[in-house]
Amino acid sequence: MLDGVWGKLRGKGRRGLVVLSAVGVKEDGSHELLDWVVAEREERASYERLLTRLYERGLHEVELVVADEAEGIWQAVETVYPEAKKQVCLWHLERTLERTLLNELRGKEKRHVQEMRRAFRDAYRKLLAAREKEEAEKALEGFWKEWGARAPRMSAALLWRKDRLFSYLELPYEWKEKVRTNALVENLFRHMRTFLRRYPGYMSRAHADEAVGLYVVGMQIHTQCGRRTPYQLQLNFNTPP
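For what it's worth, my numbering labels the leading residue of the sequence shown as 278, then goes sequentially.
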């Protein structure tokens with residue numbers, strides 16, 4: 278799973294540097310942070326650098342790569358892991374499609390827009406209810422029949438991604454639904470933004486790399502010492518256990 282977490286660079290505005298991270302899921306369903314790189318933007322070259330590091334460290338075979346649609350990300354995956362299946366993050370995709378739908382409905386009556394929005398969410402989540410790929414593909418056909426004329430641009434945007442919609446259903450594991458989004462990466466770094474708010478921002482890429490390293494080590498220590506609430510993690514992050 279791939280994702281990026283943005284942080285401020287001192288004197289450079291709100292979005293200065295991005296930490297691109299890779300989380301791996303094992304056959305038993307457990308997961309761990311594999312590596313990260315600090316970059317100025319989410320682009321093909323940056324993701325290639327991250328994936329190449331993983332490959333050079335011995336990760337030569339990958340069944341599935343889950344990611345959002347950051348610029349160049351799929352080209353980077355194709356370069357380093359051409360045999361891996363590709364899965365778009367269905368959570369991010371839902372929001373992308375909803376924005377497209379709202380753009381199509383611009384100028385319409387507010388009540389109608391809200392009704393269409395709710396109907397879209399219900400229809401989209403029916404796609405996620407499928408347990409097998411064949412079932413999901415039939416549900417996608419039904420979605421197109423229902424929405425193709427009502428919202429052609431949104432429907433076309435969904436259909437354009439059909440090869441990356443249901444790759445997770447090809448996995449032989451009971452936990453395969455957990456890799457239809459990149460939520461594991463989001464959860465791993467869910468406190469990182471709060472942690473970084475204590476500081477005015479990164480001073481450099483090297484400083485950002487060190488900050489992430491400290492964050493990861495701190496999380497490992499707290500995990501080893503027992504469960505902590507988010508408040509405790511934030512309050513005592515720099516205090517030795």
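From the three backbone atoms N, C-alpha and C, an ideal C-beta is built for every residue, glycine too.
Residues bridged to residue i (per DSSP)
{"i": "K533", "result": "This structure does not reach residue 533, given that the chain is present from 278 up to 518, and the question cannot be answered."}
{"i": "L279", "result": "A299"}
{"i": "G284", "result": "L294"}
{"i": "H308", "result": "V302"}
{"i": "A400", "result": "Note: A400 sits in no beta bridge, so no partner."}
{"i": "W313", "result": "S298"}
Residues of its chain near residue i, where Cβ-Cβ distance is below 7 angstroms and the 5 sequence neighbours each way are ignored
{"i": "R318", "result": "V295"}
{"i": "K410", "result": "F443, L446 and E447"}
{"i": "T516", "result": "Residue confidence for T516 is low, a pLDDT of 48 falling below 50, so the modelled location carries little weight; the figure read from the coordinates is stated next. Taken in chain order, the list of residues that qualify is empty."}
{"i": "F514", "result": "Legend: pLDDT at F514 = 48, less than 50; position of this residue unreliable, value from coordinates given subsequently. Answer for F514: F472 and G495, listed in chain order."}
{"i": "W351", "result": "K363"}
{"i": "K385", "result": "none"}
{"i": "V339", "result": "Y358 and A361"}
Cβ-based neighbour list, residue i, same chain, cut-off 8 angstroms, excluding 5 preceding and 5 following
{"i": "A434", "result": "T373, L374 and T377"}
{"i": "R408", "result": "L446"}
{"i": "R427", "result": "M393"}
{"i": "L436", "result": "L417 and W421"}
Own chain partners of residue i with C-beta closer than 6 angstroms, once the 5 adjacent residues on each side are dropped
{"i": "A485", "result": "L294, V315 and Y479"}
{"i": "T458", "result": "C366, L367 and W368"}
{"i": "G306", "result": "W452"}
{"i": "M278", "result": "V300, V343, N459, L461 and V462"}
{"i": "L286", "result": "G293, L294, G478 and Y479"}
{"i": "L370", "result": "none"}
{"i": "E487", "result": "none"}
{"i": "R482", "result": "V315"}
Whether residue i touches residue j by CB criterion (8 angstroms)
{"i": "V282", "j": "E325", "result": "no"}
{"i": "V365", "j": "R470", "result": "no"}
{"i": "L465", "j": "L310", "result": "yes"}
{"i": "Y492", "j": "F472", "result": "yes"}
{"i": "V456", "j": "L336", "result": "no"}
{"i": "D280", "j": "E463", "result": "yes"}
{"i": "A353", "j": "L331", "result": "no"}
{"i": "L404", "j": "A396", "result": "no"}
{"i": "W421", "j": "M431", "result": "no"}
Candidates the options, of which the one nearest residue i by Cα
{"i": "A322", "options": "V339, L297 and K363", "result": "L297"}
{"i": "E320", "options": "A344, D312, V339 and L331", "result": "A344"}
{"i": "R475", "options": "L279, D280, M278 and G284", "result": "G284"}
{"i": "F243", "options": "P477, Q497 and Y401", "result": "This structure cannot settle anything about residue 243, because the visible part of the chain is limited to 278 through 518."}
{"i": "D440", "options": "K403, E386, R398 and A361", "result": "A361"}
{"i": "R467", "options": "V489, K303, D399 and P359", "result": "V489"}
{"i": "P359", "options": "R334, K415, L328 and V302", "result": "L328"}
{"i": "L379", "options": "P429, E454, G288 and K303", "result": "P429"}
{"i": "A406", "options": "E381, K303, E454 and E355", "result": "E454"}
Residue i at chain C interface by Cβ criterion, 8 angstroms
{"i": "T329", "result": "Although the question refers to chain C, the structure presented lacks it and comprises just one protein chain."}
>> Quick check for students: name the residue ranges of the alpha helix (DSSP H) that lie wholly in the stretch 410-439, counting only runs of 4 or more.
In response: 410-424 and 429-437
>> Give the list of continuous beta strand (DSSP E) stretches no shorter than 3 residues that lie fully inside the stretch 452-481.
In response: none
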